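Colleague: Using the working numbering, read the sequence shown as starting at 1138 and increasing by one per residue. Take a look at this one; I'll ask things after.
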Amino acid sequence: MITISKLSKEYKKQVVFNNIELQIPENKITFISGPNGSGKSTLLKCLLNLENYHGEIKYNDQPLEKVREQVLVVYDNSPLYHNLTGLQNLELLSNQTSNKIHEKNHNILMPHFLKPEILKNKVKSYSLGQRKKLSLMIALVTKPKYLFLDEASNGLDHDTLIDLKIILETLSGDTTIVAIGHHFEYYTSIIDDLILIHDQSAIQIKDFKLQEGEGLNDIYKRYIK
């Protein structure tokens, strides 16, 4: 569990958060959303200790420094080695050989990830969706305890969005996943918890899958006016 206690943040005397209290459940999918400029990206940076803040953030009662090797971030445009092949990126960034990668993921690499012939191509030839799939393959191979996704669904076509949903549900059994974005309808069917950032505060709706009759878009409209 990621515990956020009394989190406050301001930029040049402009308050972004004021005493936020949140608990992000373990091995679940939590979706964080809110209006543009509400502080979603700032919250992610605080979680990753990329911003100074007041308060406390603990990962299973440990500071980030103790678990950093168990954390992986997939950004909207994650840094990859574009002049290397997909397989070379996998080997380098997961610190594993191609044989081990194939052995560990033989049953799940297809059809939802990249086919072997695609992995032989240089990343600079990949589409946005293929680059995101490669980043998620790295996540699956390295098996991080904590996975953060920044606008992961942006720019993906219909088929890739379906694949991404299956990938996230596969990962969530052993990984705490925090997704940040605006794609409400897409995440409605897979998230466990919802966090809405608005007006210097955060609203958390737990066990979202058990809620009946309302989608993410409906709840967003109800709380964010």
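Ideal Cβ positions, reconstructed from N, Cα and C, are used throughout, including at glycine. Nothing here was measured: the structure is a model prediction, and the numbers come from that model.
Y1145 bridges to which residues according to DSSP?
Modeller: Working through the sequence shown from its first residue, we reach residue 1145 at position 8. What sits at residue 1145 in the sequence shown is Ser, not Tyr. S1145 is bridged to H1191.
Colleague: Starting from the C-beta of Q1207, find all residues in its chain whose C-beta is less than 7 Å away, skip the five residues before and the five after it, and write them out in chain order.
Modeller: On the sequence shown, position 70 is the one that residue 1207 refers to. Result list for Q1207: P1281, K1282 and Y1283, in chain order.
Colleague: So T1313 is in the alpha helix (DSSP H); what residue range does that whole segment cover?
Modeller: In the sequence shown, counting from the first residue as 1, residue 1313 sits at position 176. Note, T1313: premise wrong, no alpha helix (DSSP H); beta strand (DSSP E) at T1313 to I1317.
Colleague: Would you mind reading off the limits of the beta strand (DSSP E) that contains H1320?
Modeller: Against the sequence shown, residue 1320 aligns to sequence position 183. Neither: H1320 is in no beta strand (DSSP E) and is coded neither H nor E.
Colleague: Cα-Cα, which of I1342, L1293, E1306 and D1336 is closest to H1364?
Modeller: This structure cannot speak to residue 1364, because the chain is shown only from 1138 to 1362.
Colleague: Between E1163 and K1143, how many whole angstroms is the CB-CB distance? I'm expecting something under 8 Å.
Modeller: Translated into positions along the sequence shown, residue 1163 becomes position 26. Translated into positions along the sequence shown, residue 1143 becomes position 6. That pair is no contact at about 21 Å.
Colleague: Determine contact between the segment 1286-1303 and the segment 1313-1332, defined as no fewer than three beta-carbon pairs at a distance below 8 Å.
Modeller: Enough Cβ pairs lie closer than 8 Å, so yes.
Colleague: Tell me which residues share the same chain as K1195 and place their Cβ nearer than 6 Å to its Cβ, disregarding the 5 neighbours each side in the sequence.
Modeller: What you label residue 1195 is simply residue 58 of the sequence shown in a count that begins at 1. Closer than 6 Å at the Cβ level, and outside the excluded window around K1195, lie T1140.
Colleague: May I ask you to report which of helix, strand or coil DSSP gives K1269?
Modeller: Position 132 of the sequence shown, counted from the start, is the residue given in the question as residue 1269. Here K1269 sits in helix by DSSP.
Colleague: Looking at C-beta atoms only, is the number of pairs between the segment 1324-1343 and the segment 1163-1174 that lie closer than 8 Å three or more?
Modeller: The segment 1324-1343 is in contact with the segment 1163-1174.
Colleague: When you compare only the Cα positions, how much space is there between L1246 and N1155?
Modeller: Stepping through the sequence shown from its first residue, residue 1246 is reached at position 109. Stepping through the sequence shown from its first residue, residue 1155 is reached at position 18. At L1246 the pLDDT is 48, less than 50, meaning the model places this residue with poor confidence and gives no usable figure here.
Colleague: According to the Cβ coordinates, are D1287 and I1317 closer than 8 Å?
Modeller: For the purposes of this step, residue 1287 is taken as residue 150 along the sequence shown, with counting starting at 1. For the purposes of this step, residue 1317 is taken as residue 180 along the sequence shown, with counting starting at 1. Their beta carbons are under 8 Å apart, which means D1287 touches I1317 by this criterion.
Colleague: Check this for me: beta carbons of N1226 and L1271, under 8 Å apart or not?
Modeller: As a position in the sequence shown, residue 1226 is number 89, starting the count at 1. As a position in the sequence shown, residue 1271 is number 134, starting the count at 1. Yes. Within cutoff.
Colleague: Starting from I1303, trace the alpha helix (DSSP H) in both directions and tell me its first and last residue.
Modeller: Here residue 1303 refers to the residue found at position 166 when the sequence shown is read from its first residue. Unbroken alpha helix (DSSP H) run through I1303: H1295 to L1308.
Colleague: Bridge partners for Q1151 per DSSP, in chain order?
Modeller: Taking the first residue of the sequence shown as position 1, residue 1151 is located at position 14. DSSP lists Y1148 as partners of Q1151.
Colleague: Would you list the residues sitting across from V1211 in a DSSP beta bridge?
Modeller: Your numbering for residue 1211 matches position 74 in the sequence shown. Partner(s): L1286.
Colleague: Tell me which same chain residues have a C-beta within less than 7 Å of the C-beta of G1310, skipping the five on either side of it?
Modeller: As a first step, residue 1310 is located in the sequence shown; it is residue number 173 there, counting from the start. The answer, listed in chain order, is N1164.
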